[in-house]
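Trainee:
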Amino acid sequence: MRMSLELEKRILHRAVSKAKRLGKPFSVAIVDDRGWLVALHRMDGAPAPTAEIARDKAWTAAAFRVPTTEVGRFGDPRQPGFGLHPHDWNDRLSTLPGGLPIEVEGEVIGAVGVSGGTAEEDLAICRAVLQEVGSRS
Amino acid sequence: MKELTLDMALRMLEAAERWAREVAGYPCSIAVVDRSGALVAVHRMDGAAMATTDIAIEKAFTAVAWGMSTFLGSRWLDPRNVGQRIGDHAFGMIGRGKGRLCLIPGGIPVTDEEGEVIGGIGCSGIPAGLEGISDTAVSQAGIVALYEESR
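Chains as they are written, first to last, in this note's numbering: chain X, 1 to 137; chain E, 1001 to 1151.
1) Output, in sequence order along the chain, the residues in the segment 1023-1057 of chain E whose CB is closer than 7 Å to any CB in chain X.
2) What does X/Trp36 reach in chain E if we use C-beta pairs closer than 7 Å?
3) Does DSSP classify E/Ile1143 as helix, strand or coil?
4) So what does X/Glu103 bridge to, in DSSP terms?
5) Is there at least one Cβ from chain E nearer than 7 Å to X/Ser137's Cβ?
6) Considering X/Cys126, what are the terminal residues of the alpha helix (DSSP H) in which it resides?
7) Hey, out of X/Ala39, X/Asp56 and X/Thr118, whose CA is closest to X/Leu12's CA?
8) Give the interface partners of X/Arg42 over in chain E, defined as CB-CB distance under 8 Å, in chain order.
9) Would X/Val104 and X/Trp59 qualify as a contact pair, given that the criterion is a beta-carbon distance under 7 Å?
10) Return the CA-CA distance between X/Pro77 and E/Ile1126, expressed in angstroms with no decimal places.
11) Hey, how far is the Cα of X/His41 from the Cα of E/Val1042?
12) Which residues, in chain order, does the segment 57-69 of chain X contribute to contact with chain E at a C-beta distance below 9 Å?
13) Assign E/Ser1036 to one of two classes, buried (16 or more other C-beta atoms within 10 Å of its C-beta) or exposed (fewer than that).
14) Could you tell me the distance, in whole angstroms, from the CA atom of E/Ile1146 to the CA atom of E/Ala1060?
15) Would you report the Cα separation of E/Gly1083 and E/Trp1076, rounded to the nearest angstrom?
16) Taking the beta strand (DSSP E) that X/Asp32 falls in, what are its first and last residues?
17) 7 Å is my cut-off, CB to CB: does X/Leu22 come that close to chain E?
18) Classify X/Pro101 as buried or exposed, calling it buried when 16 or more other Cβ atoms lie within 10 Å of its own Cβ.
19) For chain E, check one thing: does any of its Cβ atoms lie closer than 7 Å to the Cβ of X/Ser4?
20) Quick one: Cα of E/Leu1010 to Cα of E/Trp1019, how far?
21) Indicate the three-state DSSP secondary structure (helix, strand or coil) for E/Ile1055 in the structure shown.
22) Buried or exposed: which applies to X/Pro97, given that a residue is buried once 16 or more other Cβ atoms fall within 10 Å of its Cβ?
23) With distance defined between alpha-carbon atoms, name the residue in X/Lys18, X/Glu6, X/Ser4 and X/Arg2 nearest to X/Gln131.
24) Could you tell me whether the Cβ of X/Ala48 comes closer than 7 Å to any Cβ of chain E?
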């Protein structure tokens, strides 16, 4: 299974309807398995920077193939790999909650990034997206 | 002034994608920005090169930044338009605007009934040199859909 524009539109439709139930405007970004942007929707009223933050989260989740929050452990001084900094990696690295890889049949086909609400709200929209594609992660 | 909403952006993208697929026959990326140049929506069609997404966003941004189509802006870089004196040309524009300005045809500003710029649309991915088929034509298809809807 690969990312396609049809699938992305379905994903974004699901994400936006979930966001409307939460009653806040969000930005939702979808990237492919290499972390490159394929679709992004910024809802009316969502601040402009949310678009770029959502894209950063999606990039991070796709590039590392783990949720963005898990990337934070690379910055732990007790762990190997300490020193990973947002200014590495094309300024895109984000360890904020709200970016999850989209895994289908054991393969990461892309990632979703959400920005605009609290950590819990951003994650809730990510999870709705994963449900839509039947992803387990 | 009318705000460019996500719904309006998606209507434009839908029509532009249909034109690219059914008339032009090439996959491309199309982006819509609001009147501050901030991204509202972008779609990369299946098969379009990954670099096209950012270029489409830059074209839409540039159309808003100057309030004119990037097709006209691209003429500034045409060597035939370079004058006799230093400063007669716009090669210095390359890389300006934090690298976001893109003087390649394919970006068009979106205006409201009063002629105020409310946003921009940009397309990237259509090869150059085709008769009647271009990035600009795809963007125009998106604009037409918006105007016909609001008539």
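Glycine included, C-beta positions come from ideal geometry on N, C-alpha and C. From a predicted model like this one, the values you see are computed outputs, not experimental measurements.
Mentor: On the basis of the data shown:
1) Closer than 7 Å at the C-beta level to chain X, one finds these residues of the segment 1023-1057 of chain E: Ser1036, Ala1038, Leu1039, Val1040, Ala1041, Val1042, His1043, Arg1044, Met1045, Asp1046, Met1050 and Thr1053.
2) Within chain E, Met1050 and Thr1053 have C-beta atoms less than 7 Å from the C-beta of X/Trp36, given in sequence order.
3) Helix at E/Ile1143.
4) According to DSSP, residue pairing for X/Glu103 in a beta bridge involves X/Val108.
5) At X/Ser137 the pLDDT is 49, less than 50, meaning the model places this residue with poor confidence and gives no usable figure here.
6) DSSP places X/Cys126 in the uninterrupted alpha helix (DSSP H) bounded by Ala119 to Val133.
7) Comparing Cα positions, the closest option is X/Ala39.
8) Within chain E, the residues near X/Arg42 are Leu1006, Ala1038, Leu1039, Val1040 and Ala1041.
9) In this structure, X/Trp59 does not lie closer than 7 Å to X/Val104 by Cβ.
10) One C-alpha to the other measures close to 48 Å.
11) About 7 Å.
12) Within the segment 57-69 of chain X, no residue has a Cβ that lies closer than 9 Å to any Cβ of chain E.
13) So E/Ser1036 counts as exposed.
14) The question names Ile, but residue 1146 of chain E is Leu in the sequence shown. Between the alpha carbons of E/Leu1146 and E/Ala1060 lies a distance of about 16 Å.
15) If I take the Cα positions, the gap works out to 10 Å.
16) It spans Ser27 to Asp32 - the beta strand (DSSP E) in which X/Asp32 sits, taken as one unbroken run.
17) No, X/Leu22 does not count as interfacial toward chain E.
18) Buried, by the Cβ-count rule.
19) Yes, contact with chain E.
20) Rounded to whole angstroms, E/Leu1010 to E/Trp1019 spans 14 Å at the Cα level.
21) Reduced to three states, the DSSP call for E/Ile1055 is helix.
22) Its Cβ being crowded by 16 or more others within 10 Å, X/Pro97 is buried.
23) Cα-wise, what sits closest to X/Gln131 is X/Lys18.
24) Yes, its Cβ sits closer than 7 Å to a Cβ of chain E.
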